[in-house]
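Report on one structure; see the data block that follows.
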DNA sequence: CGCGGCTGGTGCAACGATGCACCGCATGCT
DNA sequence: AGCATGCGGTGCATCGTTGCACCAGCCGCG
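Chains as they are written, first to last, in my numbering: chain A, 9 to 359; chain B, 9 to 359.
Rendered as structure tokens:
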């Protein structure tokens, strides 16, 4: 099953087979071409990737580094990215950083050593310094769910939803319903997009004539390492408990993401409140479960499929066309999905 | 950064470096060894995988073929498998079959062409005929969440929870609570473990002195291709609607998996019933969301982490030790996790 | 002294694909 | 006739690592 055997079978030289395989068949007799093609599928020949990569230095694998595919949000990204890659014959090497910065860096190093030249990085870190050395050597990086920062490598592509608009939509939805006491629940505002989401939240308040200072921001629980699935929901749950302990609890809550929102809902339920009646909750992401939960969750949808496709397309074009090496930011438009978890505020704040 | 440069730096031949790298250093002077080691990390040398694989035919990548990592259950598997693999320096190539048998086969072919010799296959198919040719050529296969069948390759390892025991625990829990009218909700019983789960369900009924014939089995909605996340939940939702339309609706429901159970809960809620009060629901898998849902879901836990670790261990031992080539079935013990979605039956069947 | 055996390493031919440089032939042009 | 040009394809060195076969040097032994 080597190129040699195909060549022998077709009565040509290995070079000619290689030429055909690599599209250098401008000046090849149609007859020759057919002989080779027949030989190829008679023998069931498949080029050896290792040999090909050794020779060319290229390969058709991209890396995906996510905090954890156990989290449905990242799972969805993995699924769509893989799907887009498959369509072009690319493969996806999956790496769960488990929110460990060191592991994240080690993974990128490993990928590079494996000959992977393009990586979609979903970093939980505000700085990308740890991968700079490789970027300088030619690693193509797409940052997902993280907008570009001043210190980022010049060639970086970042793909993200417009977080500020998203949470603004969320908060606006609540103020439109008549809510005046709102809370924003999140872990530490360590990452860029968390800050953005908070900014959108306060912008909406101001627009509605509410002094952001009077709005409650749920106390920050974790530090920077609360990017997980379990962590996010537990954070939400704990935050809900704290909010309920306030003298005048908020009637509307915007959560940093859906898993967190689900945790908030659970925490409110622990406190005897009914979500979508006593208190309104809005999430962010629109994971599959948002529409399954009881009550169904009002949330801000990220166009995940399109974003994943864009991530792959960007990487691909920089990988083989040696396309634009210039950095670029793609901001996708989020969409508010209204479901049952939001409603006008109850007449009285429940005890 | 080649082995040559390391050799030059250390004043030895490439062969010697290679020997050290591959543990053939029995008769090597400690001094020589140190010189090489110093050279390696002075130059930051990393062996070129492509070259190594070309030469040896081996590699340290395993394939994982799942229906879709968008589904939290498979996401969790991916996460734990990847984690186990990482600890031994292996990588995981992720493949979403999207429940398409053809895509499943194509993926396995691709993996083989990539030099991947070990694959964890989460097949939605009852027969593994489509990958037999490669197994005969030496592909090591671990079937996950699918017990061995008569026609399976002799070398196949299968890893699964004991499905019959699991659903028996689930149904028994309901009968112990006093439920007498039970339903089993599932898609087509096309796969092995679905049949097993159904078997455990009926076994529990018999043990409780209930004639399985009088128990309701929710009508099958999909065909064989309802293994997805969205599909499973929608199936559950539709099934719940149908069950509610019966003259005497069941008071206890066992679902084929958690996503399906969540769909059932949603369907019951659509019908105005309260889960955990009017009707009891038991799931299967214990995904993270089972504990987040409202009400929290009673379910049968699969020891996912251990199962994933076992999958990797099995594969690994067959890959490099050329360990036992004999097939093997590993059945893990499931555990019933009681939460809020189950309770004694209400006094009267609600209208 | 001469031979065998051990020690600590080295030489070299692969693995399979690639793509540049090159080649023989025929045709066209002046 | 002499030279350039186009056509259809081939030769060969190369990518980085591996591991078998081999080799010098030394020791001990009869």
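Idealized CB from N, CA, C, for every residue including glycine. Bear in mind that the values here come from a model prediction, so they are computed numbers and not experimental data.
Which residues mark the beginning and the end of the alpha helix (DSSP H) in which residue 292 of chain A is found? Per DSSP, residue 292 of chain A belongs to no alpha helix (DSSP H) and is neither H nor E.
Specify the secondary structure class of residue 225 of chain B as computed by DSSP and reduced to three states. strand
What residues of chain B sit near residue 311 of chain A, judged by a beta carbon separation below 8 Å? Residues of chain B passing the Cβ test: none, with the nearest at roughly 15 Å.
Closest by CA to residue 108 of chain A, which one among A:73, A:277, A:274 and A:320? A:73
Please compile the residues from chain B whose C-beta is within a distance smaller than 7 Å of the C-beta of residue 76 of chain A. Here the neighbours are 87.
Taking only runs of the alpha helix (DSSP H) that begin and end inside the stretch 306 to 337 of chain B, which ones reach a length of at least 4 residues, in chain order? 312 to 327
Buried or exposed: where does residue 89 of chain B fall if 16 or more other Cβ atoms within 10 Å of its Cβ makes it buried? Buried, since its Cβ has 16 or more Cβ neighbours within 10 Å.
Whole angstroms are fine: how far does the CA of residue 70 of chain B sit from the CA of residue 101 of chain A? 10 Å
What in chain B is Cβ-close to residue 181 of chain A, meaning under 9 Å? Those within 9 Å of residue 181 of chain A in chain B number zero; the least Cβ separation is about 21 Å.
Chain B beta carbons: is any one of them nearer than 8 Å to that of residue 268 of chain A? In terms of beta-carbon proximity, residue 268 of chain A stays away from the interface with chain B, with every pair separated by 8 Å or more.
Start-end ranges of the alpha helix (DSSP H) lying completely within the stretch 115 to 165 of chain A, minimum 4 residues: 140 to 144
Could you say which of A:68, A:65, A:173 and A:17 lies nearest to residue 46 of chain A if we only look at CA atoms? When each option's Cα is compared against that of residue 46 of chain A, the closest is A:17.
Please report the distance separating the alpha-carbon of residue 234 of chain B from that of residue 200 of chain B. Residue placement at residue 234 of chain B cannot be trusted, given a pLDDT of 46 that sits under 50; the coordinates are not used to answer.
When DSSP labels each residue in this structure, what does residue 52 of chain A get in the three-state scheme? coil
When A:63, A:192 and A:306 are compared against residue 211 of chain A, the one with the closest alpha-carbon: A:192
Are there 16 or more other CB atoms within 10 angstroms of the CB of residue 359 of chain A, so buried, or fewer, so exposed? A caution first: residue 359 of chain A carries a pLDDT of 45, below 50, which makes its placement in the model unreliable, though a value can still be read off. Residue 359 of chain A is exposed by the Cβ-count criterion.
Return no unless some Cβ of chain B is closer than 8 Å to the Cβ of residue 139 of chain A. no
In or out: residue 324 of chain A buried (at least 16 other Cβ within 10 Å) or exposed? Buried, because 16 or more other Cβ atoms sit within 10 Å of the Cβ of residue 324 of chain A.
Three-state secondary structure assigned by DSSP to residue 264 of chain B: coil
What is the DSSP secondary structure of residue 233 of chain B, reduced to helix, strand or coil? Below a pLDDT of 50, predicted positions are generally treated as unreliable, and residue 233 of chain B, at 49, falls in that range; the measurement from the model is reported next regardless. It is coil, neither helix nor strand.
Is residue 319 of chain A closer than 8 Å to residue 152 of chain A when the C-beta atoms are compared? yes
How should residue 38 of chain B be labelled, buried or exposed, when 16 other C-beta atoms within 10 angstroms of its C-beta is the threshold for buried? exposed
Three-way DSSP call (helix, strand, coil) for residue 210 of chain A in this model: helix
Pairwise C-alpha distance: residue 262 of chain B and residue 118 of chain B: Looking at the backbone, the Cα of residue 118 of chain B and that of residue 262 of chain B are separated by about 38 Å.
Which residues in the same chain as residue 283 of chain A place their Cβ atom closer than 6 Å to its Cβ, once the five residues preceding and following it in sequence are excluded? 273, 276, 289, 303 and 349
DSSP three-state call for residue 71 of chain B: helix, strand or coil? strand
Option in B:317, B:343, B:339 and B:322 with minimal Cα separation from residue 86 of chain B: B:317
In chain A, what lies closer than 8 Å to residue 195 of chain B by C-beta? Within 8 Å Cβ-Cβ: nothing; residue 195 of chain B doesn't reach chain A, min ~17 Å.
Out of curiosity, what's the CA-to-CA distance linking residue 14 of chain A and residue 225 of chain B? 57 Å
For residue 256 of chain B, return the contacting residues in chain A, with the cut-off set at a CB-CB distance below 8 Å. Neighbours of residue 256 of chain B on chain A: none; closest Cβ ~25 Å, over 8 Å.
Under a three-way DSSP split, which group does residue 91 of chain B fall into? helix
Does the contact criterion of 3 or more C-beta pairs under 8 Å hold for the stretch 214 to 221 of chain A versus the stretch 295 to 302 of chain A? no
Proximity winner among B:56, B:78 and B:145, relative to residue 64 of chain A (alpha-carbon distances): B:56
Can you list, in chain order, the residues of its chain with a C-beta nearer than 6 Å to that of residue 176 of chain B? Leave out the 5 residues immediately preceding and following it. Hits under 6 Å: 208, 211 and 212.
Less than 8 Å separating the beta-carbons of residue 169 of chain B and residue 340 of chain B? yes
For residue 376 of chain A, which of A:40, A:130 and A:32 has the nearest alpha-carbon? A query on residue 376 of chain A cannot be resolved here, the shown segment of chain A reaching from 9 to 359 and no further.
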